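Q: Counting from 1 along the sequence shown, just add 171 to a position and that's the residue number in the numbering used here.
The structure under discussion is supplied below as structure tokens; questions concerning it will follow.
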Amino acid sequence: MNMVIGKINCNECGKKYVVLKGFVPPTFYGQYDPDVLLRNIAKERQEYSEIKQRERSKAEKNGMGLIVYEDAPLSCPEGHELSFDDIEKNGS
172 MNMVIGKINC
182 NECGKKYVVL
192 KGFVPPTFYG
202 QYDPDVLLRN
212 IAKERQEYSE
222 IKQRERSKAE
232 KNGMGLIVYE
242 DAPLSCPEGH
252 ELSFDDIEKN
262 GS
């Protein structure tokens with residue numbers, strides 16, 4: 172499961188960041204036991220945390236930071252607003 176969206180440069184602070192998709196809880200349709208559903212969500216959240224830590228380590232080794240993109244406006248940790256259109260997508 173590739174959670175990396177791509178890379179982006181912040182023109183304000185000059186630092187490059189890896190942009191990671193935010194965690195989205197899984198949706199299960201059908202008759203699931205609530206305890207099973209909660210365990211599945213917890214398992215996926217744990218897997219996401221491991222992916223996020225691994226990507227953060229890779230980014231730091233390459234002198235970059237990590238931004239987790241969720242529904243909020245995209246910005247660097249310094250608070251500079253970034254454009255989603257400026258992301259260098261994986262494979263481009």
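Don't be surprised by glycine CBs; every beta carbon is placed ideally from N, CA and C.
The structure displayed is predicted, hence computed values, not measured ones.
1. By how many angstroms is the C-alpha of D206 removed from the C-alpha of S263?
2. Closest to L237 by C-alpha separation, out of E215, N173 and R225, would be which residue?
3. Under three-state DSSP, which class holds L209?
4. Relative to the C-alpha of E252, which candidate in M174, V175, Y188 and I176 has its C-alpha closest?
5. Just how far apart, CA to CA, sit P248 and P197?
A: Considering the structure as presented:
1. Sequence index remark: in the sequence shown, residue 263 carries index 92 (1-based). Sequence index remark: in the sequence shown, residue 206 carries index 35 (1-based). Model confidence at S263 stands at a pLDDT of 45, short of 50, so the residue's coordinates are unreliable; what they give is reported in the following sentence. Cα-Cα distance, rounded: 42 Å.
2. By 1-based counting over the sequence shown, the position of residue 237 is 66. Taking only the C-alpha atoms, the option nearest L237 is R225.
3. Walking along the sequence shown from the start, residue 209 turns up at place 38. Residue state, collapsed to three classes: helix.
4. Taking the first residue of the sequence shown as position 1, residue 252 is located at position 81. Of M174, V175, Y188 and I176, the residue nearest in Cα terms is Y188.
5. Your numbering for residue 248 matches position 77 in the sequence shown. Your numbering for residue 197 matches position 26 in the sequence shown. Those two C-alpha atoms are separated by around 27 Å.
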